[in-house]
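Just add 53 to the spot in the sequence shown (first one is 1) and you have the working numbering. First comes the structure, then the notes that go with it.
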Amino acid sequence: MVKTYLPFRFRYTPIVQTVLIKFTKDPDYLYHSLELQVFDQNGKRYAQVLAWRPDGYKDVYQEAGLSLDQGELNMVVGGRGVGDFQETASFGPTTFEEADGQVRIKFSFTDKNRREIAFSVVEDLEDGVHLSWLPSIGAQWDNPTSVPLFFLYEFDFVKKNGSQLDFTIDGVDHHVDPYAFPKGFQSRLDIEYSLESVMTNFNEAREEALLELDLDESGKASQGDQDYHYQIAGAKPHLEKMVMKEGHHPVAVEFEPAFPDYTEIEESVPQFGQFSIKPSQELGDLTGKYNVVKQENKVIINLAFSEGWNPNQGETYFDLIRQRTTTRLTDWYKSLQCTEIIDLDDMTVSVKWKRVDPDRHQQL
């Protein structure tokens with residue numbers, strides 16, 4: 054049995070459904086958008102609402118029983134970060150389902166000013182065709198801590214005509230914004246929902262001991278919801294792929310060439326390669342570059358992205374929206390850069406991320 058140390062990691066956050074409602078043309082004095090997130094934790098469903106403020110922060114209303122640490126909370130909130138936080142917000146019953154040819158979403162809660170906010174929509178699914186989507190959750194992060202990966206499957210915008218919509222704040226009706234692009238020759242509202250959501254991150258900032266793995270004869274190991282695939286060359290394990298399996302849609306990171314074993318990295322002789330983040334189905338991929346070098350008794354790893362997210366060909370609706378909007382939808386990944394230092398004396402790791410000029414021409 055071959056032993057090795059894992060230099061990178063995934064972290065899964067159990068969001069399973071989301072809906073974002075924008076009412077910027079008819080805002081409340083506190084909020085202009087609401088985002089419902091449904092979590093599956095310990096076999097139970099919990100609701101959390103992000104209330105978007107004009108200053109870029111988001112007030113968080115969290116249903117009692119949901120447990121997120123600060124790192125998870127920061128990742129699911131995105132934007133400029135958490136504003137006010139209520140850990141045991143008062144929620145009414147939450148419905149989020151597709152049944153009998155309809156999508157039904159309903160939630161209500163009491164905000165920090167003791168106002169009831171209530172939303173419900175019922176939409177007939179005439180064509181039954183959903184999209185997949187990649188929101189720019191980390192585009193506004195000033196201090197990134199990972200590569201956030203938020204994949205929205207069974208995604209769509211609510212139709213303007215024929216949908217039953219009720220939205221009030223403190224008893225006052227509010228009008229939801231129209232969406233800029235029709236779909237299926239039908240006008241849409243800026244209510245975007247995902248019936249199957251997956252959130253994870255890649256190589257979160259941390260300082261800790263590296264995870265030691267025992268590889269089987271085929272070069273594979275498993276730990277919790279993750280699988281690791283290694284190529285064994287000259288009795289040395291090279292990391293070829295890591296897969297996060299939690300939920301219905303796995304996410305993989307593949308290395309080309311396979312990432313070298315730490316014992317093979319030579320003093321002041323850098324090694325270069327690429328890595329690709331690949332979700333399941335049609336969402337495309339994100340390709341970055343790595344270099345790794347040894348300096349004294351430390352291994353230095355750099356990760357960066359020279360390209361934005363690459364959607365698969367055929368996602369015509371996504372391409373249409375991207376052509377008519379800013380490139381922030383996919384290109385913000387190019388502003389992320391990671392430095393990872395492995396101390397070979399005690400096999401501990403320090404990982405840090407930063408924002409850089411996305412138009413830089415840096416050779417990794």
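Yeah, the Cβ is synthetic: ideal placement off N, Cα and C, and Gly gets one too.
Can the beta-carbon of residue i be found closer than 8 Å to that of residue j?
i, j, result
"Ile-244", "Val-296", "no"
"Val-304", "Asn-254", "no"
"His-291", "Asp-314", "yes"
"Val-72", "Tyr-246", "yes"
"Pro-323", "Val-345", "yes"
"Phe-358", "Leu-336", "no"
"Ala-258", "Val-402", "no"
"Thr-316", "Lys-289", "yes"
"Gln-123", "Glu-140", "no"
"Ile-68", "Ser-250", "yes"
"Leu-264", "Tyr-58", "yes"
"Val-55", "Ile-354", "no"
"Leu-419", "Phe-172", "Nothing can be reported for residue 419: it is not among the residues displayed for the chain, which extend from 54 to 417."
Which same chain residues end up closer than 6 Å to residue i when comparing Cβ atoms and leaving out the 5 residues on each side of it in sequence?
i, result
"Ser-321", "none"
"Gln-217", "Val-175"
"Lys-273", "His-282"
"Arg-377", "Low per-residue confidence applies at Arg-377: pLDDT is 47, beneath 50, and the placement is therefore not dependable enough to give any value."
"Phe-149", "Gln-70, Val-91 and Ile-158"
"Thr-5", "What the structure shows of the chain is the stretch from 54 to 417, and residue 5 is not part of that stretch, so it cannot be assessed."
"Phe-144", "Ala-100, Glu-116 and Phe-162"
Provide the residue span of the beta strand (DSSP E) that contains residue i, from first to last.
i, result
"Leu-83", "Neither: Leu-83 is in no beta strand (DSSP E) and is coded neither H nor E."
"Tyr-246", "241-255"
"Leu-356", "351-357"
"Ser-173", "169-177"
"Pro-332", "324-332"
"Ile-158", "155-163"
"Ala-100", "97-105"
"Asp-396", "389-396"
For residue i, I'd like the list of residues in its chain whose CB is within less than 7 Å of its CB, leaving aside the five on either flank, ordered along the chain.
i, result
"Lys-111", "Leu-103, Ala-104, Trp-105, Val-130, Gly-132, Val-135 and Gly-136"
"Glu-169", "Ser-161, Thr-163 and Asp-223"
"Gly-191", "Gly-131, Pro-197, Pro-201 and Trp-385"
"Gln-94", "Pro-67, Leu-119 and Ser-120"
Just to check my reading of the structure: residue i and residue j have Cβ atoms closer than 8 Å, yes? What is that Cβ distance to the nearest angstrom?
i, j, result
"Leu-89", "Ala-100", "6 Å"
"Leu-397", "Lys-342", "At roughly 23 Å, the Cβ-Cβ gap does not stay under 8 Å, so Leu-397 and Lys-342 are not in contact."
"Lys-331", "Glu-293", "Actually they do not touch by this definition, with Cβ atoms about 13 Å apart."
"Asp-153", "Gly-215", "That belief does not hold up - the Cβ atoms of Asp-153 and Gly-215 are roughly 15 Å apart, past 8 Å."
"Leu-242", "Val-229", "5 Å"
"Ile-394", "Pro-60", "Wrong, their Cβ atoms sit about 11 Å apart, outside the cutoff."
Start and end of the alpha helix (DSSP H) containing residue i?
i, result
"Leu-126", "123-130"
For residue i, I'd like the list of residues in its chain whose CB is within less than 8 Å of its CB, leaving aside the five on either flank, ordered along the chain.
i, result
"Gln-416", "Reliability fails at Gln-416, whose pLDDT of 45 lies under 50, so the model's placement of it is uncertain and no value is given."
**Request:** List in chain order: all unbroken beta strand (DSSP E) runs of 3+ residues lying wholly within the region 264-313.
**Result:** Entirely contained in the region 264-313, the beta strand (DSSP E) runs reaching 3 residues are, in chain order, 264-268, 273-276, 279-286, 289-297 and 304-312.
**Message:** Please give the ranges of any beta strand (DSSP E) in the region 176-215, keeping only runs that are unbroken, at least 3 residues long and fully inside the region.
**Reply:** 184-186 and 200-212
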